[in-house]
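Numbering (this note's numbering), first residue to last: 1359 to 1763. Here the structure is laid out as structure tokens; the discussion comes afterwards.
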Amino acid sequence: MIAGKSVLLIIGGGIAAYKAHELVRLLKTRGIRVLIIMTQAAEQFVTPLSLASLSGEKVHTALFNLTDEVEMGHIQLSRAADLVVVAPATADLMAKMANGLANDLATTALLATDKPVLIAPAMNVRMWRHPATVTNAQALKNRGIAFVGPDEGEMACGEFGPGRMSEPVEILNKIISMLQPQALPLSGKKVVVTAGPTREPIDPVRFISNYSSGKQGYAIARAAAKLGADTVLVSGPVALAPPAGIRVIGVESAREMLTACEAELPADIAIFTAAVADWRVAEQETDKIKKSNGSSLQLSLVENPDILATITSHQLRPEVVVGFAAETQNIHVHALEKLNKKRCDFIVANDVSRGTGVFGGDMNAVHFISRSGIESWPAMSKDEVGLMLMERLAGHLIPEGRPSS
Ligand code: CTP
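Right, dumping it as structure tokens:
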């Protein structure tokens, strides 16, 4: 039961502190008690009064406060909750934690606690990438401190990159998974997702590829991680940032993608969204092919291995395997053929004809196909397709402890 658990939320001084309101609200709706410590800098961004009203608890700010010490001493406070959460975790707070400083109530509680600690870093991208912060983050990870984020995106300072604090709902999910490891639908499950195009080299400077942006695969991987899965993204070359909290294995050719997927077995769920090049050049030239006056060039192509079909007939076949079918005509017929031919459990089919905007776009309208029927889902964002799909697949996993036959 998650209700009745308690969290000590330490709010650092950064613009992301305003998201603490929403986080407190979300935690309260789950029945989680929220004790709060604010740093002095945090008080520049949010007020103790607003947080006290939301949490229904006294908000602690000063280390040496006689009234507080009588009611609940600072050591007691650091141990009163089931989990300590630092959000936002500023570069300054992370540096103090990494070096064991204790010069205010927040850092003293962090040094004195014997409870698991989760931090949600938030800072300017240059600060996040500074070698000092990189070293501090690594030291904290080595010490077993859990991280959520930071996410990539536009920041309050106008710069772009990793440094944005994760959204409150993501922090909530991470808190739930730490308070109750079995609480999320995919906790303890491993999900492998392929995404993007593959690149098949012709010579050292040319390749065969396709228009896949990788967006749908990345959205599915993010959704799997949100639902608690240990998520691996095997990705061809794309212009997308690696999502936080997901292991990304970058590959180029179809054969590299297959090797990477096989190395990730066993897994519980595998989803093949990649637009794998069907053919590769039979003999890759080691030197750049030169053109000679007006002559034409013939390339001899051979078929690439089918990654999806190889994994469904693998002795470590994941429990649930999903293929994608990018079609431009007779979508249902072709998708059903693929389901049977490639022996997967489900096919997600979409119309990628020019004009639908699916390739490279942010929206998708898909058909979810199983042996028992076809569902046409309404047009929605690729993120929403990802979440709907992962929630659906989680329901198809055989519950732990129940035999599969
Ligand atoms: N796929 C794969 N390996 C390949 C080709 C496809 O893993 N060499 C996977 C894709 O990731 C997708 C599914 O198979 O999940 C169907 O891909 P698609 O390109 O639509 O089908 P093909 O088998 O290539 O058939 P066709 O191109 O003739 O439609």
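Don't be surprised by glycine CBs; every beta carbon is placed ideally from N, CA and C.
Asked: Near the ligand CTP: residue 1709 beta-carbon under 7 Å from a heavy atom; Found: no
Asked: From 1446, 1392 and 1393, residue whose alpha carbon lies closest to that of residue 1372; Found: 1446
Asked: Closest residue to residue 1525 among 1668, 1508, 1391 and 1697 (Cα-Cα distance); Found: 1508
Asked: Neighbour-count burial assignment, residue 1754, 16 or more Cβ in a 10 Å radius; Found: exposed
Asked: Same chain only: Cβ atoms within 7 Å of residue 1739, ignoring 5 sequence neighbours per side; Found: 1720 and 1721
Asked: Three or more C-beta pairs below 8 Å linking the stretch 1483-1498 and the stretch 1429-1445; Found: no
Asked: Assigned secondary structure, residue 1577 (DSSP; H/G/I helix, E/B strand, else coil); Found: helix
Asked: Length-filtered (3 minimum) beta strand (DSSP E) runs lying within the stretch 1483-1555; Found: 1509-1512, 1518-1522 and 1548-1553
Asked: Expected contact under 8 Å - CB spacing of residue 1439 and residue 1365 to nearest Å; Found: 5 Å
Asked: Near the ligand CTP: residue 1666 beta-carbon under 7 Å from a heavy atom; Found: yes
Asked: Segment limits, beta strand (DSSP E) that includes residue 1477; Found: 1475-1479
Asked: Residue 1408 - containing alpha helix (DSSP H), residue span; Found: 1406-1413
Asked: Three-state class that DSSP yields for residue 1450 in the structure shown; Found: helix
Asked: Own chain partners of residue 1693 with C-beta closer than 6 Å, once the 5 adjacent residues on each side are dropped; Found: 1683, 1705, 1707 and 1727
Asked: Beta-carbon gap between residue 1616 and residue 1668 smaller than 8 Å; Found: yes
Asked: Sequence-distant residues of its chain with Cβ nearer than 8 Å to residue 1409 (five each side left out); Found: 1369, 1378, 1379, 1382, 1394, 1396 and 1417
Asked: Secondary structure of residue 1724, DSSP reduced to three states; Found: strand
Asked: Expected contact under 8 Å - CB spacing of residue 1779 and residue 1700 to nearest Å; Found: The shown model of the chain, from 1359 to 1763, leaves out residue 1779, and the question about it has no answer.
Asked: Spatial distance of residue 1469 from residue 1398 (CA atoms); Found: 18 Å
Asked: Paired residues, beta bridge with residue 1364 - DSSP; Found: 1391
Asked: Member of 1510, 1482, 1515 and 1472 whose CA lies at the smallest distance from the CA of residue 1502; Found: 1472
Asked: Assumed close pair residue 1578, residue 1619 - CB separation to whole angstroms, cut-off 8 Å; Found: Actually they do not touch by this definition, with Cβ atoms about 15 Å apart.
Asked: From 1714, 1710 and 1622, residue whose alpha carbon lies closest to that of residue 1675; Found: 1622
Asked: Helix, strand or coil at residue 1754 according to DSSP, with G and I counted as helix; Found: coil
Asked: Cα-Cα separation, residue 1482 to residue 1521; Found: 6 Å
Asked: Chain-order list of residues whose beta-carbon lies under 6 Å from that of residue 1457 (same chain, five-residue window excluded); Found: none
Asked: Residue 1756 beta carbon less than 8 Å from that of residue 1677; Found: yes
Asked: Residue range of the beta strand (DSSP E) that includes residue 1732; Found: 1731-1734
Asked: Residue 1657, DSSP secondary structure in three states; Found: coil
Asked: 7 Å CB neighbourhood of residue 1554 in its chain, flanking five on each side removed; Found: 1570, 1572, 1575, 1593, 1594, 1595, 1596 and 1632
Asked: beta-carbon residue 1682 near the ligand CTP non-hydrogen atom, thresh 7 Å; Found: yes
Asked: Residue 1563 versus residue 1643 - alpha carbon distance; Found: 10 Å
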